[in-house]
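**Student:** If you scroll down you'll find the structure; I have some questions about it.
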Amino acid sequence: MENIKGKIVILSVFVLLFMPLNVFASENSNAVSGKLGIYLPHGGEDSYNAIKSGMGFTVCFEHYMNKNTSVMAKAGYLKWGTTEEDEYMSNIPLMAGLKYYLNSGSSVYPYLAADIGLNMWSWMERGEQEYSHQDLGFGLGAGMEIPLSNNNMNLDLSGKYSIISWPSEWCGESFKNIEIGFGIKYALK
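This is the structure in structure tokens:
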């Protein structure tokens, strides 16, 4: 039963990720970005103490539906250390989301964002995979884009709070994470 549930979740995430790319596709209204992030686990359970801060990167395709709203498809690789020397935890997120720009008339573009999708977790010990799991997660965030050159390239600074369901034997019922990110976004023409 769990295997069927996992396949349904994976199929649903891919539909969410790629449907916006086809439905809303139009000329001169897309962007790609790369972002580096620092990831800080946040929670009250004792087992959170075993997880240290992490780092990672994400890539994002963004399509503008109008001047204030865009849809996003994101993928990445994130890695957290633990208190044990030869253990770490990693996540490959596949997310779909929305971004709303608060002020499109200024030289700085503040925004609010939300995403939902699939998180593929691995827990490694001594170089071998001990556990793996796929789980749903969502995030809420805010940020700002600062133009760097002729409105084709922006510096993207952001913060996000994520909640991801995962196996309760890892760290309670969900993994809560604070992301501090910075990256470059390039408008496609």
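Heads up: the sequence shown runs through residues -25 to -1, 1 to 164, numbered per mature numbering (1 follows the signal peptide of the UniProt record, and there is no 0).
Built from N, CA and C at the ideal position, the CB exists for glycine as well.
1) Given alanine 6, which residues of its chain have a CB within under 7 Å of its CB, disregarding the five upstream and five downstream residues?
2) When the Cα of methionine 70 is compared with those of Met47, Met64, Leu130, Asn78, which residue comes out closest?
3) Measure the beta-carbon distance from alanine 117 to tyrosine 76 and round it to whole angstroms, keeping in mind my assumption that it falls under 8 Å.
4) Under a three-way DSSP split, which group does leucine 11 fall into?
5) Determine the extent of the beta strand (DSSP E) in which aspartate 90 is found, giving its start and end residues.
6) Return the CA-CA distance between glutamate 154 and leucine 115, expressed in angstroms with no decimal places.
7) Please report how far the alpha carbon of isoleucine 26 lies from the alpha carbon of serine 65, in whole angstroms.
8) Take the Cβ of threonine 33 as the centre, count every other Cβ of all protein chains shown within 10 Å, and call the residue buried at 16 or more, exposed below.
9) State the beta-bridge partners of aspartate 110 as determined by DSSP.
10) Starting from the Cα of leucine 99, find the closest Cα among His108, Asp61, Asn127 and give me that residue.
11) On a CA-only basis, which of Tyr63, Thr58, Lys49 is nearest lysine 74? Give me that one, please.
12) How long is the line joining the alpha carbons of aspartate 110 and lysine 151, rounded to whole angstroms?
13) Is leucine 123 buried or exposed, if buried means 16 or more other CB atoms sit within 10 Å of its CB?
**Tutor:** The short version:
1) So the qualifying residues of the chain are Glu37, Lys160, Tyr161, Ala162, Leu163.
2) Looking only at Met47, Met64, Leu130, Asn78, the smallest Cα-Cα distance to methionine 70 is reached by Met47.
3) About 11 Å; that fails the 8 Å criterion.
4) Leucine 11: strand per DSSP, three-state reduction.
5) For aspartate 90, the uninterrupted beta strand (DSSP E) run begins and ends at 84 to 100, by DSSP.
6) Glutamate 154 and leucine 115: Cα-Cα distance of roughly 10 Å.
7) Their Cα atoms are separated by approximately 11 Å.
8) Counting other Cβ atoms within 10 Å of its Cβ, threonine 33 reaches 16 or more and is therefore classed as buried.
9) For aspartate 110, DSSP records a beta bridge to Asn94.
10) One detail in the question is off: residue 99 reads as methionine in this sequence, not leucine. Out of His108, Asp61, Asn127, Asp61 has the C-alpha closest to the C-alpha of methionine 99.
11) Of the candidates Tyr63, Thr58, Lys49, the one whose C-alpha sits nearest the C-alpha of lysine 74 is Lys49.
12) Roughly 13 Å between the two C-alpha positions.
13) So leucine 123 ends up on the exposed side.
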